[in-house]
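Trainee: What follows is a single structure, and I will ask about it in a moment.
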Amino acid sequence: MLSIFIKIIGVYIATLCFGILINVQPRSLNLCAVVGVLGYLSYVVNNMIFGGYISGSFAGAIAIGVFGMIAARYKKTPVIVFSIPGLVPLVPGGQAYQVMKNIALGNTSLALSYLNQVMMIAGAIALGFLFAELIIQVYNRIEKYIKLKKLEQ
Amino acid sequence: MDLRNNLEHGSKEYNKLVVNICLLASRILIENGSEMSRVTDTINHIAKNADVKDLRSYVTITGIMLSVGGVDAQIMEVNKRAYDLRKIAAVNYYSRQFAEGKISITHFYYLLSKIDNLVTYFPFWMKMVAAALLSGAIEIVFQGNFVVALQTSIIGMLGWTLFVLLNKIIKVEFVNEFTSAVVIGVLALLTVKLGLGNSADDIIIGAVMPLVPGVQITNAVRDLMSGNLISGPARGIEAIIGACALGFGVALSLNWFG
Chain A
185 MLSIFIKIIG VYIATLCFGI LINVQPRSLN LCAVVGVLGY LSYVVNNMIF
235 GGYISGSFAG AIAIGVFGMI AARYKKTPVI VFSIPGLVPL VPGGQAYQVM
285 KNIALGNTSL ALSYLNQVMM IAGAIALGFL FAELIIQVYN RIEKYIKLKK
335 LEQ
Chain Y
542 MDLRNNLEHG SKEYNKLVVN ICLLASRILI ENGSEMSRVT DTINHIAKNA
592 DVKDLRSYVT ITGIMLSVGG VDAQIMEVNK RAYDLRKIAA VNYYSRQFAE
642 GKISITHFYY LLSKIDNLVT YFPFWMKMVA AALLSGAIEI VFQGNFVVAL
692 QTSIIGMLGW TLFVLLNKII KVEFVNEFTS AVVIGVLALL TVKLGLGNSA
742 DDIIIGAVMP LVPGVQITNA VRDLMSGNLI SGPARGIEAI IGACALGFGV
792 ALSLNWFG
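Chains A and Y, in that order, give the protein sequences.
If you want this note's numbering, it's the position in the first sequence, counting the first as 1, plus 184.
If you want this note's numbering, it's the position in the second sequence, counting the first as 1, plus 541.
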């Protein structure tokens, strides 16, 4: 439990700092980090219940997509401001580095297994984003429909 | 300031201005890491709000072709790619203001062309501290090794600072990534050799994190999945070469000192 708490603080700091490095406006920085933490939390919760890093990345990406969209509407900035820093704890950067290091050192089979992980995680994250977009669009449709019904009455 | 009145709507000059605005806006968006569907979206919004019809655009990651009214197609090349989300937010904000009629079309063009001077940055020391904290935090989250967190922070900060300084001096891509990776690897191995840390791998993974193109890889897959078969692979190749430069740099230092 303590380790998860420490990791959440770590994710918060990492997301905030990545936001500073890619020059996010100060007024959106805190919300960026919150979106990152929410994404990482859904990754952790998914791992506790189902296990597996691919479905975890998918769940995390959905959470980042949905919460990022909510945050973007609240702050009136593009979603990308929240989704790119929020991805930092999920993104397969460490594995991408392992692929290249192992290829250069001649451990080809290890490199291939890491490459597999990179492709799977990147695909899962991209699919998660598409799914989040779907959720938002369905929500918008329902909202519109309810408004129309109210107008008719 | 409002030239919308004396610039006749639908005239050739007006269309030219709209084309230039669309080209500038999409160049800023692509240069700073926006995905392609958002770029096309923004162009269409601007054209709709400027009330021009028959806008045709062809947007790729290395260049944009665009025409309004079926004549006078223009090209804009995109040479550099970086991540600066404040510029994307700024373009979004100006476009919104233009849609609400708060700024005129000429003022919109002026703001876009002066965006390099209008966007503010965090001070350099703050970015250095951010790189240090990012390296340390990522090391703790991914590897869970508390012994080397401080060392990772310092080495990550040095690597990132070297990367940025080299970026300013030499204009050759991927060489700065390679050099920074060599320095990070050598420093990490020296730290372990001197008995200041227990795992060089943990230090390296944390310290290269500010340089690793993980977000670019994900963006490439996103572009591919939205059906952009030119920009997706191009972005992916760029990310792979970046990761290659980092990995080979670290492997070189492992060969020398490992």
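For every residue, glycine included, the Cβ atom is placed at its ideal position computed from N, Cα and C.
Any beta-carbon of chain Y closer than 8 Å to the one on A:Ile-246?
Mentor: Counted from its first residue, the first sequence places residue 246 of chain A at position 62. No, A:Ile-246 lies away from the interface with chain Y (no Cβ there is under 8 Å from its Cβ).
Trainee: For A:Ile-268, would you say it is in contact with chain Y, using Cβ-to-Cβ distances shorter than 8 Å as the test?
Mentor: In the first sequence, counting from the first residue as 1, residue 268 of chain A sits at position 84. Chain Y, which has a Cβ nearer than 8 Å to the Cβ of A:Ile-268, makes this yes.
Trainee: Quick one, are the C-beta atoms of Y:Leu-787 and Y:Leu-731 less than 8 Å apart?
Mentor: Taking the first residue of the second sequence as 1, we reach residue 787 of chain Y at position 246. Taking the first residue of the second sequence as 1, we reach residue 731 of chain Y at position 190. Not a contact, by the Cβ cut-off of 8 Å.
Trainee: Starting from Y:Met-606, follow the beta strand (DSSP E) in both directions and report where the run begins and ends.
Mentor: Here residue 606 of chain Y corresponds to residue number 65 of the second sequence, with the count starting at 1. Looking at the DSSP string, the run of the beta strand (DSSP E) that includes Y:Met-606 is 604-609.
Trainee: Can you tell me the Cβ-Cβ gap for A:Gly-220 and A:Pro-273, rounded? I've got them flagged as a contact below 8 Å.
Mentor: For this step, residue 220 of chain A is matched to residue 36 along the first sequence. For this step, residue 273 of chain A is matched to residue 89 along the first sequence. Right, their Cβ atoms sit about 6 Å apart.
Trainee: Would you verify that the beta carbon of Y:Cys-563 is, or is not, closer than 8 Å to some beta carbon of chain A?
Mentor: Mapped onto the second sequence, residue 563 of chain Y falls at position 22. No, its Cβ sits nowhere closer than 8 Å to a Cβ of chain A.
Trainee: Can you tell me which of A:Thr-199, A:Val-302, A:Ile-330, A:Ala-243 puts its alpha carbon nearest to the alpha carbon of A:Gln-279?
Mentor: Start at 1 with the first residue of the first sequence, and residue 279 of chain A comes out as number 95. When each option's Cα is compared against that of A:Gln-279, the closest is A:Val-302.
Trainee: Out of Y:Ala-672, Y:Ala-591, Y:Ser-740, state which residue places its alpha-carbon closest to the alpha-carbon of Y:Phe-687.
Mentor: By one-based count along the second sequence, residue 687 of chain Y stands at place 146. Y:Phe-687 has its Cα closest to that of Y:Ser-740, out of Y:Ala-672, Y:Ala-591, Y:Ser-740.
Trainee: Kindly indicate the opening and closing residues of the beta strand (DSSP E) around A:Leu-271.
Mentor: On the first sequence, position 87 is the one that residue 271 of chain A refers to. First-last for A:Leu-271: undefined, no H or E at that position.
Trainee: So is Y:Ala-671 in contact with chain A if we call contact Cβ pairs under 8 Å?
Mentor: Sequence index remark: in the second sequence, residue 671 of chain Y carries index 130 (1-based). It does; some Cβ of chain A falls within 8 Å.
Trainee: Which residues share a DSSP beta bridge with A:Ile-319?
Mentor: Position 135 of the first sequence holds residue 319 of chain A. DSSP output for A:Ile-319 lists no bridge partner at all.
Trainee: Is Y:Arg-637 helix, strand or coil by DSSP?
Mentor: Here residue 637 of chain Y refers to the residue found at position 96 when the second sequence is read from its first residue. Y:Arg-637: helix per DSSP, three-state reduction.
Trainee: If you follow the alpha helix (DSSP H) that Y:Ser-794 is part of, which residue opens it and which one closes it?
Mentor: Sequence index remark: in the second sequence, residue 794 of chain Y carries index 253 (1-based). Run containing Y:Ser-794: 772-798, per the alpha helix (DSSP H) assignment.
Trainee: Run through chain Y and tell me which residues come within less than 8 Å of A:Met-232, C-beta to C-beta.
Mentor: Residue mapping note: residue 232 of chain A aligns to position 48 of the first sequence, counting from 1. Correct list: empty, because the minimum Cβ distance to chain Y is about 16 Å.
Trainee: Let me see if you follow: with CB-CB separation under 8 Å, is A:Gly-307 close to chain Y or not?
Mentor: As a first step, residue 307 of chain A must be located in the first sequence, where it is residue number 123. Yes, contact with chain Y.
Trainee: Which term fits A:Val-322, buried or exposed, when burial requires 16 or more other beta carbons within 10 angstroms of its beta carbon?
Mentor: Counted from its first residue, the first sequence places residue 322 of chain A at position 138. Exposed: under 16 other Cβ atoms inside 10 Å.
Trainee: Which residues of chain Y have a Cβ atom closer than 7 Å to the Cβ of A:Ile-206, listed in chain order?
Mentor: To locate residue 206 of chain A, count along the first sequence from 1; it is residue 22. By Cβ distance, chain Y contributes Tyr-624, Asp-625, Leu-626.
Trainee: When Cβ atoms are compared, which residues of the segment 651-680 of chain Y fall closer than 7 Å to chain A?
Mentor: Under the 7 Å Cβ criterion, the segment 651-680 of chain Y contributes Tyr-662, Phe-663, Met-667, Lys-668, Ala-671, Ala-672, Leu-674, Leu-675, Ala-678, Ile-679.
Trainee: Answer yes or no: does any C-beta atom of chain Y fall closer than 8 Å to that of A:Ala-310?
Mentor: Locating residue 310 of chain A in the first sequence gives position 126, where the first residue counts as 1. Judged by the 8 Å Cβ criterion, A:Ala-310 is in contact with chain Y.
Trainee: Say whether chain A places a C-beta atom closer than 8 Å to the C-beta of Y:Ile-746.
Mentor: Position 205 of the second sequence holds residue 746 of chain Y. Yes, Y:Ile-746 counts as interfacial toward chain A.
Trainee: Starting from Y:Ala-678, trace the alpha helix (DSSP H) in both directions and tell me its first and last residue.
Mentor: As a working mapping, residue 678 of chain Y is identified with position 137 in the second sequence. That run of the alpha helix (DSSP H) goes 665-683.
Trainee: Figure out for me which residue from Y:Thr-759, Y:Gly-736, Y:Met-750 has the closest Cα to the Cα of Y:Ile-725.
Mentor: In the second sequence, residue 725 of chain Y corresponds to position 184, counting from 1. The candidate whose alpha carbon is nearest that of Y:Ile-725 is Y:Met-750.
Trainee: Put A:Lys-328 into one of helix, strand or coil per three-state DSSP.
Mentor: To locate residue 328 of chain A, count along the first sequence from 1; it is residue 144. Helix.
Trainee: How would you list, in chain order, the residues of chain Y whose beta-carbon sits under 7 Å from the beta-carbon of A:Met-284?
Mentor: As a first step, residue 284 of chain A must be located in the first sequence, where it is residue number 100. What A:Met-284 touches in chain Y: Ala-784, Cys-785, Leu-787, Gly-788, Phe-789.
Trainee: Spatial neighbours of Y:Ser-723 within its chain, please: CB distance less than 7 Å, with the 5 preceding and 5 following residues excluded, ordered by chain position.
Mentor: Against the second sequence, residue 723 of chain Y aligns to sequence position 182. It should be pointed out that residue 723 of chain Y corresponds to Val in this sequence rather than to Ser. Hits under 7 Å: Gly-790, Leu-793, Ser-794.
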